[in-house]
Each structure stands twice: as C-alpha cells, then as structure tokens.
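J.: Here this note's numbering is used: the first residue of the sequence shown is 59, the next is one more, and so on.
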Amino acid sequence: MKNTSILFCLMMVTFSGFSQLKPIQYKDDQQILNGFQILPKKANKDKPGILILPAWKGIDNHSKTSAKQLSDLGYYTFIADIYGEGNYPKDAKEAGQQAGLYKNNPVQYQKRIRLALEQLIKAGANPDKIVIIGYCFGGTGALEAARGKLPVKAVVSFHGGLGKDISRPTDNIDARVLVCHGADDPYVTKEEITTFQQEMRDAKTDWQMIYYSNAVHAFTDPEAGNDNSKGAAYNAKAASRSWKHFLIFLKEVL
59 MKNTSILFCL
69 MMVTFSGFSQ
79 LKPIQYKDDQ
89 QILNGFQILP
99 KKANKDKPGI
109 LILPAWKGID
119 NHSKTSAKQL
129 SDLGYYTFIA
139 DIYGEGNYPK
149 DAKEAGQQAG
159 LYKNNPVQYQ
169 KRIRLALEQL
179 IKAGANPDKI
189 VIIGYCFGGT
199 GALEAARGKL
209 PVKAVVSFHG
219 GLGKDISRPT
229 DNIDARVLVC
239 HGADDPYVTK
249 EEITTFQQEM
259 RDAKTDWQMI
269 YYSNAVHAFT
279 DPEAGNDNSK
289 GAAYNAKAAS
299 RSWKHFLIFL
309 KEVL
C-alpha cells in the first residue's frame with residue numbers, strides 16, 4: 059500500500075497541469091490499473107461518454123489533452139490504463155514489447171478495455187452513448203473493441219494498426235468505425251489496409267477511412283517531432299482535420 063500511495067502522489071504531481079483529471083484506481087484481478095477520469099463542465103442530460111486508449115507508451119500528454127478537450131465539449135471521459143502498475147514502459151523498446159503482448163492477445167486487450175469502459179460508466183456516462191477512441195496502439199485497441207463486440211456506439215482509430223491474425227474469424231461488427239490514417243504511414247502496409255477494408259465489408263459494418271496527405275504515423279501527437287523521415291511525426295493540418303472529422307462523426311453517432 060505504501061508503494062501505491064507513493065505512486066499516486068507522483069502521478070498527481072505529473073498531472074498537475076491537468077488538475078481536472080482525477081486519478082482512478084481499479085483492478086484486473088490482482089493487477090492494479092491507474093486510469094484518469096474527467097467530468098464535463100456542463101451538465102448534459104444524455105451523458106455521452108468517450109473512452110480514450112493511449113498510444114504504446116501508456117497515458118501521456120496527448121491523451122490527457124484530448125480528455126480535457128472532450129470534457130469542455132460536454133463528454134464524460136476516461137483514459138484507460140492498459141498495462142497496469144509495474145508494467146509501464148521506460149523506453150520505446152519496452153513499449154514495443156508491452157504493446158506486442160496485447161496485440162498478440164486480443165482477448166486480454168479487450169478485457170482491459172472493458173474494465174476501463176466500466177469505470178467510464180461508473181463516473182456517470184450513459185452506457186448507451188459511448189464511443190471509444192485510440193491513438194496508435196490505442197487505435198488498434200479501438201478496433202479490437204469493435205471486433206470484441208464491446209457495447210459501444212462507435213470506435214475511432216487515429217493512426218492505429220489495422221491488422222488482425224488471419225486465423226481469427228470475422229464476425230459482424232455492430233459499432234460504427236472511423237479510421238483516420240496518415241497517407242504516408244510506413245508502419246501500415248498496403249496489404250494490411252486492403253485486408254482491413256475487406257474485413258469491414260465482410261463484417262457488414264458502417265465504416266469509413268480517411269487519408270491525410272503528407273502525414274505519417276503519430277500525426278496527431280505534438281510530441282512526435284516534425285521529421286516525416288523517421289516514420290512518426292506531428293502534422294498540424296492532419297491533426298486538425300482528423301479532429302474535426304472525429305467531431306462530425308460523434309454528432310452523427312451520438
């Protein structure tokens with residue numbers, strides 16, 4: 059308990075610039091998870107909720123900024139902790155290893171998403187009006203939520219991985235799907251895109267995929283730098299356009 063208390067104190071200092079974010083501790087069996095919730099400033103009788111799935115390094119400034127923006131727009135918001143206490147990556151190598159564990163074990167990934175979804179509902183969000191969004195690794199998670207038939211209206215993937223193991227069956231997907239994709243993303247192959255689009259057709263879902271020119275991986279994250287040659291870089295125009303497309307999508311599905 060002492061170590062947990064110390065961790066929470068450190069997290070509160072780290073998130074002091076986002077004072078409206080409230081740390082929420084929850085569990086997956088014995089694994090402690092540390093997410094964040096933020097309530098809307100203005101009461102909304104419909105109480106729509108947004109679950110945010112962070113990129114591969116875990117809860118970051120980008121996910122926190124998105125949560126704040128969505129709260130300002132009237133949404134109940136929760137940022138999921140996928141990895142859990144004691145498993146947070148220290149660098150890109152560890153992030154790749156941790157993300158790989160969940161990409162290769164979609165049932166466990168879906169379980170962690172479902173647990174975070176329960177926390178969003180517990181905070182006050184209407185369980186019938188929830189959308190899941192994710193960035194990079196979290197974008198993959200958003201699609202996994204749809205594949206796993208989690209009870210949400212829609213999912214949105216920002217520069218996320220699109221593929222799944224070809225041995226997995228393709229079932230009908232009820233949630234609507236929006237994919238915001240960098241046209242020059244080197245980490246998602248043409249074959250993966252083609253296979254994903256066929257999966258969406260076979261799943262008989264309502265889906266759309268929007269490409270953004272001159273955008274590579276992580277194009278919505280201001281901390282990704284601006285060098286496209288590295289494969290991951292921020293693109294202000296693509297970030298702005300994709301956010302606007304996302305908001306239009308939200309109004310439609312909610």
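In this text, a Cβ means the ideal position worked out from N, Cα and C, and glycines have one as well.
Since this is a predicted model, take the numbers as computed values, not measurements.
#1: Under three-state DSSP, which class holds residue 116?
#2: Taking the straight line between their C-alpha atoms, what separation do you get for residue 297 and residue 285?
#3: What's the C-alpha gap between residue 142 and residue 304?
#4: Provide the residue span of the alpha helix (DSSP H) that contains residue 400, from first to last.
#5: May I have a chain-ordered list of the beta strand (DSSP E) segments no shorter than 3 residues that lie completely inside the segment 114-202?
#6: Between which two residues does the beta strand (DSSP E) containing residue 214 stretch?
#7: For the beta strand (DSSP E) containing residue 313, list its first residue and its last residue.
#8: Give me, in chain order, the residues of the same chain whose beta-carbon lies closer than 7 Å to that of residue 85; leave out the 5 immediate sequence neighbours on both sides.
#9: Mapping the DSSP letters down to three states, classify residue 308 as helix, strand or coil.
#10: Mind checking which residues open and close the beta strand (DSSP E) that includes residue 234?
#11: Consult DSSP for residue 92 and reduce its assignment to one of helix, strand or coil.
#12: Determine the direct distance from the alpha carbon of residue 288 to that of residue 151, and round the result to whole angstroms.
#13: State the CB to CB distance for the pair residue 243 and residue 217, rounded to an integer number of angstroms; the pair is presumed to be in contact (CB under 8 Å).
#14: Given that a residue counts as buried once 16 or more other Cβ atoms are within 10 Å of its Cβ, and exposed if not, what is residue 113?
T.: Once the coordinates are examined:
#1: coil
#2: 15 Å
#3: 28 Å
#4: Coverage of the chain is limited to positions 59 through 312, which leaves residue 400 absent and any answer about it impossible.
#5: 134-137 and 188-193
#6: 212-216
#7: Not covered by the structure: residue 313. The range shown for the chain is 59 to 312.
#8: 91
#9: helix
#10: 234-240
#11: strand
#12: 16 Å
#13: 6 Å
#14: buried
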